[in-house]
Amino acid sequence: MRPLPLLLALTLASPVLAASAAANPGPATLTYGDDNFRALAADSYRIAGLPGDFESWLSQAYTSAGVSLGKSGTSLNAALDVRKAELAAAKGAERDRLARDTAAWAHRFIKKAVPKFSLERGFEFANMAGAGERQCLLQSVVIAGLLQRAGLNAGLEMVWKSLSSQESNLGHVTSVLRLPSGAGDVQVDASEPEPFARHQGVLTWADGGYRFLTPTFAADGRMTAYKRADNSAQVKTVSFLDLHYIRSQFNYYRGERAVGGVLGTGTGRSTPEGLKLSEKYLRAALGENPSNALAASVLGTVLRKEGREAEARAQYLAAGKLYAAQGHTPVSVQANLKWARGQSASLPGNGVFGLAAPLQNR
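In structure tokens, the structure reads:
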């Protein structure tokens, strides 16, 4: 880990080859073309029953999109190799400038190659390739993967407070670039028209646990420090989300958006079969990472919709402990906890039972 040369001396972690759900998991290695990236894509293709492979599609999309990286008119891999060499040769401020330029290119490329945003289907690699659809989690994985392939330190963070300070129950995901100089982190969000975002609240691994954090921004959009949401204390170490959390989040979205599931996707209402599918994927999400508070909370909602109230109450209470440990309990989750404790007989006012309530749909 390398300390930031800033007043607050934030310590930053570097990626490792494999993440662990145990103590101090490392930030996910998602390098485009490497095993972790390929495994995530292969899982999606298998679930969708789609033949082929994602890398071949993305390489063709790069050629078709006309959004070249640098001056090179070569293939995607060749262009990334050239940029990696350029970054390695650059120094100081020029290297940071080139890193930001690479991130801005990745943002433009994904938005041009995949113009449609879909909350219902865009989290699957198979749907990005087969239907030209994207969603916040998948676009962030692809952007981080491309940046890592170019030799940059990049990863993912969940978002709980938007650019306008609108709060959600972890309703968004963004990719984040760590500048080579150690001068800070930059949010790279393809849900926004411009590449560099300033979401006001994020969740990632910090000081030995998953934490709801509030970033401090410099004038140029760099996050130069993070404070805990629960006590405003400045954190000392911050790293991007680990592979187990990211894999868990893919299964979370499969559960949230199951046809006829907890949201009634595709049917307009929840069905018994759909709720069972939601439950299957949410339990898979928690099996991958038991600390995924959002998955824990929404599993309680599925059980509640199925009429399994005793199980739902216990599940909500378990989820509440995760949120409390991580430093923030969203309003919708608070409503579910009141119901679980017998303090309220009514449904939450927003009717979504503590679901993510996405911030963006562009």
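With mature numbering (1 follows the signal peptide of the UniProt record, and there is no 0) applied, the sequence shown corresponds to residues -18 to -1, 1 to 344, in that order.
C-beta atoms are modelled at their ideal positions from N, C-alpha and C, and glycine is treated no differently.
Residues sharing a beta bridge with residue i, DSSP
i: residue 197; result: 208
i: residue 156; result: 139
i: residue 187; result: 192, 221
i: residue 179; result: 169
i: residue 216; result: 209
i: residue 247; result: 241
i: residue 149; result: 143
Rounded separation between residue i and residue j - CA only
i: residue 129; j: residue 195; result: 24 Å
i: residue 112; j: residue 213; result: 45 Å
i: residue 267; j: residue 120; result: 16 Å
i: residue 18; j: residue 297; result: 31 Å
i: residue 237; j: residue 264; result: 5 Å
i: residue 177; j: residue 86; result: 5 Å
i: residue 124; j: residue 216; result: 30 Å
i: residue 324; j: residue 97; result: 46 Å
i: residue 262; j: residue 256; result: 10 Å
i: residue 253; j: residue 288; result: 9 Å
i: residue 74; j: residue 84; result: 16 Å
i: residue 321; j: residue 292; result: 11 Å
i: residue 22; j: residue 232; result: 9 Å
i: residue 171; j: residue 282; result: 30 Å
i: residue 58; j: residue 92; result: 13 Å
i: residue 202; j: residue 35; result: 38 Å
Cβ shell of residue i (< 6 Å), same chain only, five flanking positions each side left out
i: residue 286; result: 294
i: residue 118; result: 154, 155, 173
i: residue 103; result: 109, 115
i: residue 132; result: 62, 65, 66, 84
i: residue 14; result: 127, 128, 131
7 Å Cβ shell around residue i - same chain, five flanking residues per side excluded
i: residue 311; result: 302, 305
i: residue 126; result: 12, 136, 137, 138, 157
i: residue 80; result: 68, 69, 72
Neighbour flag for residue i against chain D, beta carbons, 8 Å
i: residue 285; result: Here chain D cannot be found, since the structure has a single protein chain.
Residues near residue i by beta carbon distance below 8 Å, same chain, minus five either side
i: residue 77; result: 69, 162, 163
Minimum length 4: unbroken alpha helix (DSSP H) runs contained in the region 86 to 143: Runs of the alpha helix (DSSP H) inside the region 86 to 143: 107 to 113, 118 to 131.
Check whether the region 196 to 203 touches the region 241 to 260, counting contact only when three or more Cβ pairs, one atom from each stretch, lie closer than 8 Å. Contact between the region 196 to 203 and the region 241 to 260 is absent, because fewer than three Cβ pairs lie under 8 Å.
Secondary structure, alpha helix (DSSP H): runs of 4+ residues fully inside the region 22 to 72: Listed in chain order, the alpha helix (DSSP H) elements of length 4 or more contained wholly in the region 22 to 72 are 36 to 47, 58 to 71.
Uninterrupted alpha helix (DSSP H) stretches inside the region 262 to 338 (no shorter than 4 residues): Annotation note: the region 262 to 338 contains the following uninterrupted alpha helix (DSSP H) runs of length 4 or greater, listed N- to C-terminal: 275 to 287, 291 to 308, 313 to 322.
Check whether the region 159 to 175 touches the region 205 to 212, counting contact only when three or more Cβ pairs, one atom from each stretch, lie closer than 8 Å. Yes: the two stretches touch, three or more of their Cβ pairs being nearer than 8 Å.
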